[in-house]
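In what follows, a structure is listed as structure tokens, so that the remarks can point back to it.
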């Protein structure tokens, strides 16, 4: 097995994805084929990608190949190094889960009006596009694959296009994806003009001045940040992710956002190389703002999928906080600390892919069983759907960054990286980084509040509507997909040293040094800096928790007191509690809404209807619409109005413009 | 790290963990006794909490019809997570392996895990009280967590470590009158009051459901489940007391496992907890419980103190 | 040198300076007027304590007298006068809260970091620890000015002005071991005279515009315009 095996697996993955797309064409006649053939092929493509990624990471090599595609003077090259391998692994893991989950889920669409050809076909293209983005070694192949990824996901978002809201969401998504793509293209343009070519090799060697490097950085940050959903360019995320079918939402939130992170890392850490610490401060601030605004917006939602979409904004903010710390440390000459922050960000990329996909698949399972997305209608689902409930609980614990699951490890690593700020020389940075960490701590606590709300309202308590009361367990395939991801969440939480050992090649290749001291004291101890500074032994924590729990259970559940008698809940001596007396999701979030409400446009009104009943109305608006998007839209509209005056309608005027342009161009060429 | 994995060290760690579980009701009993005296009552005996726990453990547990399996599992998870978190805080001796397994951030994470399941348990039965308690608890914890972490940062920026044993060693080694530690102490005290549910944030002795935060989440529990939850809350109070006592006033703590050192360590920590308990009782008698939406102002004060501690550390203490 | 290497008295000065910064934050955000006056009194007492400690370390015995003067004036006399004033103006129960307290506090924190950044170029080793206290004092001055910007009550504005003076005094005491006594006495009496004048003016303002909210002083422009228009025809 050598590096070429990995490339072969990657090629296999792309081919299987394209095959899955091609097979779906036949779904026009036999819709079943999507469920029986296309989605299993999809899963196999994921497996191949996962294999490619793992082989690359274990091999620590770099393999390249030239494809017979591309422009005449620029044949497309693919390159599989450790960074690509890691992201191939991420794509692969989630695609396997979708391959397991998809067939049972898609069955619900077979009798609907929406074309399954589109669903299967574009899903395959989506996967192929993402794989090629990660493998691309020149800007042309990168941008083409990026476009394929964006366009196919647009069609998937617009899958249920009968609904006007879905069409609007899809349009917004397409618009912003293209604006972002334009920014990325301009960034590559800057690099290409200095490097003398579009191949990444040429761009790496490009001698950029620091001013132009900053220009390229800003363009890349805007472009990739928009795709990753950073504030204030996040408006498309909470619109587009909820309306797509749930397994596609899982792919979009779990994988596509990570591909944007890949693009950013590749551009800034690899192609630009010499980073400046000021970039890190900008990334830190935007990441922190995204994290805080994302989680607060998530907490105020009652639509489950929209809540999960906002939570993705928050997690991407956390990833960029890690990347910002890495940039600051690298820019001020503290390479080992930069590596630590970088590893923390990569770990969070892995974790978010796992638990966000798990949560979206769970939301899809609920949608499949109850046709319900509104939290206010759910309740008591744990008893009706025990397996989904269990896996969703594990996902909620992971995303809330609680030990011993994986979310905690990446958050711990990020804090440890931030705590090394005392080594910086600048006092201002030494004050700024802890403040950003306090914001991170606040978001961590708010995430826990959000997912207590989600789980408590959806799965616990009593059902708030009739169709939820009659929910049924989802089929085995859907449970298997969720179980696969939940198991990995636990594994990544309990064996952090092993995971860091596997991904250690990525910083080694990109930044020159790995994180050897993390596993220096054996697989039990995670010591990112040194044992005296901080150490965490996840396996021991798990073992002790299990041991103590067993001891408590054994000593307390003995004898006559073992029985538990069922009774009615406490009702203050009044009527028995009905499902309507429970706390609703809106009620749960009310104290936090009151404290943090300034960040949003909240309108709350209580009134009386004609028949005397109370009417409560609550609307929560994103302030970025008014502060950022509305002025931009107004500026674009006024500029367009002025340009429209060119359209006089007269043919001779148009010919006149053509003549003038021709004359000017000839003069310039001469 | 090998010196930590000796049998003696683990034995000491186990003893310390058991000591936490054993001493927690005593601290609560002492605080209640003193509060009663300050309110001109005789009050229950200091050992009463032990009797209460024993009574609850022997009683039958009753569970509502609408409760799910999570309701029955939550008390065990809450108790075990809180107990493990407490076991990592040096009480009598400093260099224990449990302090190396988990640093301050893991401690905060374990307490967050306990709080997560406590809040879920509150929402499980499907009554309004549980949901109300859970909602309020998450608000208070959301505001307390940045203050707590900022205080931890202030300590870690000076001691260059988040390992509790290292921080205590640092304090013992290079003691100075630091403004940052003073502010961090103030912030941590306010956070501890909020997190353990004492006045002025929450009244642990209230019977009125609408004023409850912590009690509302426990409302449906009985028997051994309630015993575990109450015991966990007591251990949490002891945890914060030990944290404050041993980080900011570490003198007396045992630095080796010699029996004489351990004896002095035990006596020292009992004395410090005695004083802290008295201060808490006094504070609870003098202050009144705030209404819920005054709690953000209280916790903002904690955050401000912690932030000033950090700024003092950066500006005043680093020197060059 | 880090803090562990400083002698004890200098460590005490650092602690007291940090608490002075804390009191200026309290002054900024405190809604109740009487509590704000008490916070100002504590700030004065702390500055007097700093002066005493600096006198104990150095060879400047006249600082003892200066400390006594500060204590008498800033911690006792001026707060008493303000207290009496508020009672006579019947605003002692007045509660005036900031509209966006979180933003104002964040601005104050930013000012602290900014003050620190400003004094960083002072790199002389002997002055290192005093340079840091100068940063704190500058922050106190700027926060006092911030308080004058954001608080609308006239008495709160006076407190902001006085706390600026406290900050300057703290800088002088710690950085240069006090000003010459003549300058000090002059400044102290200036402050006292300013207080008396403020007292007189408050009554005048309240009589003419019936409120002590300084934003109402905006109305003075409208009245002059109306007068002119009326006279014009």
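Residue numbers (my numbering), protein chains in the order written: chain A, 1 to 670; chain P, 1001 to 1320; chain G, 2001 to 2233. C-beta atoms are modelled at their ideal positions from N, C-alpha and C, and glycine is treated no differently. Computed from a predicted structure; not experimentally measured.
Q) Expressed to the nearest angstrom, what Euclidean distance is found between the alpha-carbon atoms of residue 1275 (chain P) and residue 1046 (chain P)? A) 15 angstroms
Q: Measure the alpha-carbon distance for residue 589 (chain A) versus residue 2039 (chain G) and round it to whole angstroms.
A: 36 angstroms
Q. Can at least three beta-carbon pairs, one atom from the stretch 117-131 of chain A and one from the stretch 145-159 of chain A, be found at a separation below 8 angstroms?
A. yes
Q) Cβ of residue 2019 (chain G) less than 7 angstroms from any chain A Cβ? A) no
Q) Can a CB atom of chain P be found closer than 7 angstroms to the CB of residue 149 (chain A)? A) no
Q) Any chance the stretch 148-168 of chain A sits against the stretch 276-293 of chain A, with 3 or more Cβ pairs inside 8 angstroms? A) no
Q) Looking only at C-alpha atoms, which of A:477, A:498, A:417 sits nearest to residue 529 (chain A)? A) A:417
(Q) If you reduce the DSSP assignment to three classes, tell me which class residue 162 (chain A) lands in. (A) coil
Q: List the residues that DSSP assigns as beta-bridge partners of residue 600 (chain A).
A: A:622
Q: Please classify residue 1350 (chain P): is it buried, with 16 or more other beta-carbons within 10 angstroms of its beta-carbon, or exposed?
A: Here chain P comprises residues numbered 1001 to 1320, so residue 1350 (chain P) is not present and cannot be evaluated.
Q: Give the residues from the stretch 414-447 of chain A that approach chain G closer than 9 angstroms (Cβ to any Cβ), ordered along the chain.
A: 426, 427, 428, 431, 432, 435
Q | contact_flag[the stretch 471-485 of chain A, the stretch 1160-1178 of chain P] where n(CB pairs < 8 angstroms) is 3 or more | A | no
Q.
Please confirm whether residue 1312 (chain P) has its beta-carbon closer than 7 angstroms to some beta-carbon of chain G.
A. yes
Q | Contact between the stretch 526-543 of chain A and the stretch 1041-1059 of chain P (3+ Cβ pairs under 8 angstroms) | A | no
Q: Tell me, please, whether the CB atom of residue 1146 (chain P) is closer than 7 angstroms to any CB atom in chain A?
A: yes
Q. Of all the CB atoms in chain A, is at least one closer than 7 angstroms to the CB of residue 2133 (chain G)?
A. no
Q | Ordered list of alpha helix (DSSP H) runs contained in the stretch 2097-2153 of chain G, each at least 4 residues | A | 2101-2119, 2128-2150
Q) Which of the residues in the stretch 1166-1182 of chain P, read from start to end, lie with their CB under 7 angstroms from any CB of chain G? A) 1174, 1176, 1177, 1178, 1179, 1182
Q: Examine the Cβ distances between the stretch 1223-1237 of chain P and the stretch 1007-1014 of chain P and report whether three or more of them are shorter than 8 angstroms.
A: no
Q. So which residues on chain A does residue 2116 (chain G) lean against when the C-beta distance must stay under 8 angstroms?
A. 427, 428, 431
Q. Can you name the residues that DSSP bridges to residue 606 (chain A)?
A. A:616
Q. In its own chain, which residues sit with a C-beta less than 8 angstroms from the C-beta of residue 2231 (chain G), not counting the 5 before and 5 after it?
A. In this predicted model, residue 2231 (chain G) has a pLDDT of only 43, less than 50, meaning its place in the structure is not dependable; the value taken from the coordinates is given anyway. Once the five neighbours on either side are set aside, residue 2231 (chain G) has no close Cβ partner at all.
Q | For residue 119 (chain A) and residue 245 (chain A), believed in contact at Cβ under 8 angstroms, the rounded distance | A | 7 angstroms
Q) Taking all protein chains shown into account, do 16 or more other C-beta atoms lie within 10 angstroms of the C-beta of residue 1251 (chain P), making it buried, or fewer, making it exposed? A) exposed
Q | Paired residues, beta bridge with residue 536 (chain A) - DSSP | A | A:526
**Q.** Check whether residue 27 (chain A) and residue 124 (chain A) have beta carbons under 7 angstroms apart
**A.** no
Q: Would you mind reading off the limits of the beta strand (DSSP E) that contains residue 567 (chain A)?
A: 564-567
Q: Return no unless some Cβ of chain A is closer than 7 angstroms to the Cβ of residue 1124 (chain P).
A: yes
Q: Note down, in chain order, every chain G residue with its Cβ under 8 angstroms from the Cβ of residue 1287 (chain P).
A: Neighbours of residue 1287 (chain P) on chain G: none; closest Cβ ~16 angstroms, over 8 angstroms.
Q.
Taking only three categories from DSSP, how would you classify residue 218 (chain A)?
A. helix
(Q) On the criterion of 16 or more Cβ atoms from any shown chain inside 10 Å, does residue 603 (chain A) qualify as buried, or is it exposed? (A) exposed
Q | Residues near residue 2181 (chain G) by beta carbon distance below 6 angstroms, same chain, minus five either side | A | 2062
Q) Who are residue 2213 (chain G)'s beta bridge partners in DSSP? A) G:2153
Q. Can you round the beta-carbon distance between residue 205 (chain A) and residue 189 (chain A) to whole angstroms, since I take them to be within the 8 angstroms contact cut?
A. With 8 angstroms as the limit, residue 205 (chain A) and residue 189 (chain A) do not qualify as a contact, their Cβ atoms being about 17 angstroms apart.
(Q) Tell me the rounded alpha-carbon separation between residue 2211 (chain G) and residue 2204 (chain G). (A) 10 angstroms
Q. For residue 1259 (chain P), which three-state DSSP category applies?
A. helix
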